[in-house]
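Visitor: If you scroll down you'll find the structure; I have some questions about it.
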Amino acid sequence: MEEVVEQLRLRIDTVEKYFSAHSEADLALKASPEKWSKKEVLGHLIDSAQSNIRRMVVGQYEENAHIIYRQNEWVKAADYQHYDTKDLIQMWVLLNKHFCRVLLNLPKENYETITNWGNETTPMLGQDLVTLEFVAKDYTRHLDHHFLSLE
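Residue 1 is where the sequence shown starts when you use UniProt numbering, and the numbers rise one by one after that.
So, in structure tokens, the structure goes:
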């Protein structure tokens, strides 16, 4: 997990600098009503961090925990488009620092614990059951995917 944490720490700096360097107008711009703005993407990443922290914690005491995340519903419920950008950045940074601590405290014997992150409306194409180690590694890939889409 140390390698995942190191990768995540690098991304924390990069993402914080990226969002801090852009204007409010740029971050709130939507290509279309159906697309997320950059602020909403950051909000989505906040939600993703929360969901994955929960998976890591619950996975330490519950096998096959079914923790789903419906991204569009979460982004809509939080109304990130109208959130203060500085608060969003700070929340994302702190959640990811916390996620690093949770990952470092995850006992090695729990790396292979299975969690269920699928749901009935958006099945993960046979990948509903994954290990906690996979969740941790996939989280940094997920960040990269969204960050690259912003540039």
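Note that CB positions come from ideal geometry on N, CA and C, so glycine has one too.
(1) Whole angstroms are fine: how far does the CA of Gly59 sit from the CA of Ile114?
(2) On a CA-only basis, which of His44, Gly43, Glu40 and Ile53 is nearest Leu137? Give me that one, please.
(3) What number of angstroms, rounded off, separates the C-alpha of Tyr83 from the C-alpha of Leu148?
(4) Sorted by chain position, which residues of the same chain lie with C-beta nearer than 7 angstroms to Ala28's C-beta, five sequence neighbours on each side aside?
(5) If we require 4 or more residues per run, which alpha helix (DSSP H) segments fall completely within the UniProt domain "DinB-like" (7-147)?
(6) Would you call Ile68 buried or exposed, if buried means 16 or more other Cβ atoms sit within 10 Å of its Cβ?
Guide: So, from the data block:
(1) Each residue's alpha carbon lies about 7 angstroms from the other.
(2) Note that residue 137 corresponds to Lys in the displayed sequence, not to Leu. Checking every option, the nearest Cα to that of Lys137 belongs to Ile53.
(3) 22 angstroms
(4) Here Ala28 has Ser37, Lys39 and Gln81 as same chain residues with Cβ atoms under 7 angstroms from its own Cβ, once five neighbours each way along the sequence are excluded.
(5) 24-28, 38-58, 71-78 and 85-105
(6) exposed
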